[in-house]
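Heads up: the sequence shown at position 60 corresponds to 63 in our numbering, and the numbers run straight through without jumps. Backbone N, C-alpha and C define an ideal beta-carbon position, used for all residues, glycine too. The structure presented is a predicted model; accordingly, all values stated were derived computationally and were not measured. One structure is given here, and the rest of the page talks about it.
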Amino acid sequence: MKLYETHVTRASPTQLPLLESALSSSQNNKYYHGQDDIFQLAGILAARIILNHAYQDGNKRAALLAADMFLKINGFHLQKNPFGRDEVNNGLKDAHVAVAAD
């Protein structure tokens with residue numbers, strides 16, 4: 004929630020249980036389904052944040068920040084600036100929109 008407050012808006016999630024569910028999705032997939040691919044787990048995390056719609060606004064931005072932080076914690080640095088206008092960020096943006104539209 005701190006990332007969301009810092010980079011998106013100061014509003015709290017409107018559906019806290021849905022946010023908690025989304026945040027535990029990667030851990031659940033790792034332990035119960037044997038998913039060990041860090042990038043898949045980051046994708047699962049982002050997709051769940053987008054689809055659970057815990058915030059009134061900024062769910063895709065929150066998902067991007069959460070996935071980026073998840074990857075950084077696990078030793079990967081995909082983006083220097085999560086909201087920069089470059090090829091990597093444009094690709095991530097398009098992927099997030101596709102998940103939300105599905």
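Apart from the five residues on each side of it in sequence, which residues of its chain come closer than 8 Å, Cβ to Cβ, to residue i?
i: Leu106; result: Outside the shown range of the chain (4 to 105) lies residue 106, about which nothing can therefore be said.
i: Leu22; result: Met4, Pro16, Ile52, Asn55, Ala57, Tyr58
Give the secondary structure of residue i by DSSP, where H, G and I count as helix, E and B as strand, and everything else as coil.
i: Asn77; result: coil
i: Asp97; result: helix
i: Pro16; result: coil
i: Tyr34; result: helix
i: Gln43; result: helix
i: Asp71; result: helix
Please go through the same chain and pick out, in chain order, the residues whose beta-carbon is closer than 6 Å to the beta-carbon of residue i, but skip the five residues on each side of it.
i: Tyr7; result: Confidence in Tyr7 is poor, its pLDDT being 47 and thus under 50, which makes the residue's placement too unreliable to answer from.
In whole angstroms, what is the alpha-carbon distance linking residue i and residue j?
i: Tyr35; j: Lys75; result: 23 Å
i: Asn62; j: Gln18; result: 12 Å
Among residues of its own chain, excluding the 5 on either side of residue i, which ones have a beta-carbon nearer than 7 Å to its beta-carbon?
i: Ile52; result: Ala25, Asn62, Ala65, Ala66, Ala69
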